[in-house]
DNA sequence: GTGCTTGTTGCACGAACGTATAACGAGGTG
DNA sequence: CACCTCGTTATACGTTCGTGCAACAAGCAC
């Protein structure tokens, strides 16, 4: 019983509902009916606007990846010209709103599990992580990290950030986002 | 069409089949019928021996967690008495067979996604990670890490190891297990 | 050999899944 | 106002899910 909306708005609503459902009920609960109910529309709309639930999930992945990348870029832009500050801001932003939001972390984890076994989703993941690492290598290079150590260093930073994300999502009582930010900062300081 | 077997053997077979299916088809493919087919038995046996697929998955989680903990403990025991060597062995073992096995990493990732939304599975995860961190704090303390920095340091090491695991599983072409071991060793050396 | 225990199977059942499709109705254009 | 476009709903269909249940058969006690 929802009002008529423009295709763009409706697509946005459905993606937002997918993200919400993924965060609250995990990958197993991301059915067409559940998502449609969360968006307040009928299940048929998913097929109508996306052609299938798989493509809706893929669109949700793209949306979140773009949102995360934009938040990181905003943090870098606001850090001023100093290379170390820009690198620190890029990493610390991963533990600051809106990225540090536990619901977003839960959504990302559910998408990871859905990515396994789906070639298109795996390619999306690969592309997003390659972009993340490339940006990291860029910022690390500006801080004077030797070119031959650039790749491994970027992988290590990415892994640390991902691991802190994961534990923050699965065991939110073990430590705080502030502590995660501090662990990452110490790691960068040690390079 | 399987021969009669003892309950213990059959339970072991079913757990092994669950781990295999989880690794090959992800969390979405872990249905009773798929698991039973992988074990070469009828679907009804899952209910008969475990009382439901949820408890079979939980038992698989326990089995893997115990297997990983045992492999880590073996590595520590084989490292001699020096505290630094013991710590290094404990961390490096995470990227050595049998833990470094990509299939095991895939299984673990699938179990993580299944753990979300299930209170019993979340409790299992919490318990396993608490044990992992406690052992890590023990080894770090023996190396002279200050008591007040122990908790945060252990969280950071755990996060780095988990992140390297994850990326190794999702993007196996990005870097090798050897490189992961080296990144972790460098991190420990910087403490 | 006879009978009992119990591992094992095959089937059936209800529920939930994804999606195709026809009918409905709101909103813009003539 | 009439008409058409298209977003939306409701329904239906086939598949797959988890699991309960009755029947079968293998191994053991006697």
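Residue numbers (the UniProt record's numbering), protein chains in the order written: chain A, 1 to 191; chain B, 1 to 191.
The beta-carbon is built from N, C-alpha and C at its ideal position, and this holds for glycine as well.
When C-beta atoms of the segment 129-146 of chain B are compared with those of the segment 82-91 of chain A, fewer than three pairs fall below 8 Å, so the two segments do not count as touching. Rounded to whole angstroms, the separation of the alpha carbons of residue 186 of chain A and residue 25 of chain A is 34 Å. Within 7 Å of the CB of residue 126 of chain A, the CB atoms of chain B belong to 171, in sequence order along the chain.
DSSP places residue 51 of chain A in the coil class of the three-state scheme, outside both helix and strand. Burial state of residue 125 of chain A is buried, judged by a 10 Å Cβ sphere holding 16 or more other Cβ atoms.
Each of A:11, A:20, A:106 was checked against the Cα of residue 169 of chain A, and the nearest Cα belongs to A:106.
At a C-beta separation below 9 Å, residue 175 of chain B has these neighbours in chain A: 151, 152, 155. The beta carbons of residue 161 of chain A and residue 68 of chain A sit about 11 Å from each other, so the pair does not count as a contact at 8 Å. Around the beta carbon of residue 27 of chain A, a 10 Å sphere encloses 16 or more other beta carbons of the protein chains shown; the residue is thus reported as buried.
Judged by beta-carbon spacing, residue 22 of chain B lies within the 7 Å limit of residue 110 of chain B, meaning their Cβ atoms are closer than that value. The C-beta distance from residue 50 of chain A to residue 59 of chain A rounds to 6 Å, short enough to meet the 8 Å contact threshold. Comparing alpha carbon positions, the residue from B:171, B:15, B:140 closest to residue 127 of chain A is B:171. Around the beta-carbon of residue 73 of chain A, fewer than 16 other beta-carbon atoms lie within 10 Å, marking it exposed. Annotation for residue 169 of chain A: the continuous alpha helix (DSSP H) segment containing it runs 147-170. Under the 10 Å beta carbon count, residue 156 of chain A is surrounded by 16 or more other beta carbons and is classified as buried. DSSP, read as helix, strand or coil, puts residue 116 of chain B in coil. Note on residue 181 of chain B: 16 or more other CB atoms within 10 angstroms of its CB, so buried under the neighbour-count rule.
For residue 7 of chain B, the uninterrupted alpha helix (DSSP H) run begins and ends at 7-25, by DSSP.
With fewer than 16 other Cβ atoms from the protein chains shown falling within 10 Å of its own Cβ, residue 4 of chain B counts as exposed. One alpha carbon belongs to residue 150 of chain B, the other to residue 45 of chain A, and they sit about 52 Å apart.
For the segment 105-123 of chain B, the residues whose beta carbon sits under 9 Å from a beta carbon of chain A are, in order, 106, 109, 110, 112, 113, 114, 115, 116, 117, 118, 122.
A check of alpha carbon separations from residue 47 of chain A across A:81, A:10, A:70 identifies A:10 as the nearest.
CA-to-CA, the gap between residue 100 of chain B and residue 94 of chain B works out to about 6 Å. Boundaries of the alpha helix (DSSP H) harbouring residue 182 of chain A: 177-189, taken from the DSSP string. Contact check for residue 41 of chain A against residue 6 of chain A fails: the beta carbons are separated by 7 Å or more.
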